[in-house]
Amino acid sequence: SQQGEEDPQALSIQEGENATMNCSYKTSINNLQWYRQNSGRGLVHLILIRSNEREKHSGRLRVTLDTSKKSSSLLITASRAADTASYFCATGDMEYGNKLVFGAGTILRVKS
Amino acid sequence: DAGVTQSPTHLIKTRGQHVTLRCSPISGHKSVSWYQQVLGQGPQFIFQYYEKEERGRGNFPDRFSARQFPNYSSELNVNALLLGDSALYLCASSSVGQGVDGYTFGSGTRLTVV
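If you're matching them up, the sequences are chains A and B in order.
Residues in the first sequence are numbered from 1 upward in steps of one, following the working numbering.
Residues in the second sequence are numbered from 1 upward in steps of one, following the working numbering.
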């Protein structure tokens, strides 16, 4: 079973616009990570936010975490066509600290 | 420095057969995890090995097994293949057991069972 639920399932925007993806989860976590996947190949780690952090930035990425609501958001600013991919949130499970629990992902399409 | 390498890239097997997938982690990484990703879904955790010991097992049948070698490379074995085993199998490595700095994934092995 999957813990995370990404919203929306699919997002289509114009190049230069911002893209926001949301993730909700169910159990207590150590950390929450966002990954990108191009064309069904390997996952690329984007950013990790720990349970005691509320916001984190990396380049054009901004991640927020609200542990009281068990939710996170990923903002990609000034999107580019190369950002077209599937984006997954994954939680580091506190009970089973060795594994990541992924959501079903958001498919982002950036039109040039 | 090489990333996580997986072999083979693609594989077609017949129902009932056995398959072995291989993974070499990033040099210096002692933890290897395996994930199954069915089309249209997020990856599902299968196994994690750290320092050659199994540290976690997902909700998969006993037909799935894995091991980690002294050089930290790993094999995933699946016996008695079913059509539903068709998926992208991903290997991930991290420097510590809990991946607290994030995991590095390989490009995956696309398994098709016919």
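A virtual CB, placed ideally from N, CA and C, is assigned to each residue, including glycine.
Only a predicted model underlies this, so the values are computations on that prediction, with no experimental measurement involved.
Which of helix, strand or coil does DSSP assign to residue i?
i, result
"Leu-82 of chain B", "coil"
"Asp-62 of chain B", "coil"
"Ala-10 of chain A", "strand"
"Ala-81 of chain A", "helix"
"Thr-14 of chain B", "coil"
"Gly-92 of chain A", "strand"
"Tyr-103 of chain B", "coil"
"Glu-2 of chain B", "Here the sequence assigns Ala to residue 2 of chain B, which means Glu is not the residue at that position. It is coil, neither helix nor strand."
"Arg-60 of chain A", "coil"
Using a Cβ-Cβ cutoff of less than 6 Å, which residues in the same chain neighbour residue i once the five nearest sequence positions on both sides are dropped?
i, result
"Arg-22 of chain B", "Ser-7 and Glu-75"
Is the separation between the beta-carbon of residue i and that of residue j shorter than 9 Å?
i, j, result
"Ser-94 of chain B", "Arg-41 of chain A", "no"
"Thr-104 of chain B", "Ile-46 of chain B", "no"
"Thr-14 of chain B", "Thr-109 of chain B", "no"
"Ser-72 of chain A", "Ser-12 of chain A", "no"
"Lys-111 of chain A", "Gln-14 of chain A", "yes"
"Ser-79 of chain A", "Ala-19 of chain A", "yes"
How many Å lie between residue i and residue j at the Cα?
i, j, result
"Lys-26 of chain A", "Val-38 of chain B", "22 Å"
"Gly-92 of chain A", "Asp-66 of chain A", "15 Å"
"Ala-80 of chain B", "Pro-61 of chain B", "11 Å"
"Lys-52 of chain B", "Gln-36 of chain B", "21 Å"
"Thr-4 of chain B", "Ala-92 of chain B", "Looking at the sequence shown, residue 4 of chain B is not Thr but Val. If you take the alpha carbons of Val-4 of chain B and Ala-92 of chain B, they lie about 7 Å apart."
"Gly-97 of chain A", "Ser-39 of chain A", "The pLDDT assigned to Gly-97 of chain A is 49, lower than 50, so where the model puts this residue is not dependable; a value taken from the coordinates is nonetheless given after this. Those two C-alpha atoms are separated by around 29 Å."
Counting only the same chain and skipping the five closest in sequence on each side, list residues whose C-beta sits under 8 Å from that of residue i.
i, result
"Gln-2 of chain A", "With a pLDDT of 47 at Gln-2 of chain A, under the threshold of 50, the modelled position of this residue cannot be trusted, and the question is left open."
"Leu-43 of chain A", "Tyr-35, Arg-36, Gln-37 and Phe-88"
To which residues of the same chain is residue i closer than 7 Å at the C-beta, ignoring the five residues directly before and after it?
i, result
"Gln-68 of chain B", "Val-32, Tyr-49, Lys-52 and Ser-74"
"Ala-87 of chain B", "Gln-36, Gln-37, Val-38 and Leu-111"
"Pro-8 of chain A", "Thr-106"
"Ile-76 of chain A", "Asn-18, Ala-19, Arg-60, Leu-61 and Asp-83"
Point to revise | Residues of the segment 22–34 of chain B with Cβ closer than 9 Å to any Cβ of chain A, in chain order | key: Ser-31 and Ser-33
**Study point:** Under 7 Å (Cβ pairs) to chain A, residues found in the segment 78–93 of chain B
**Key:** Leu-88 and Leu-90
Practice item. Residues of the segment 39–61 of chain A with a CB closer than 9 Å to any CB of chain B: list them in chain order, please. Key: Gly-40, Arg-41, Gly-42, Leu-43, Val-44, His-45, Leu-46, Ile-47, Leu-48 and Arg-50
Review point. Along the segment 39–53 of chain B, what residues have a CB closer than 7 Å to any CB found in chain A?
Key: Gln-41, Gly-42, Pro-43, Phe-45 and Gln-48
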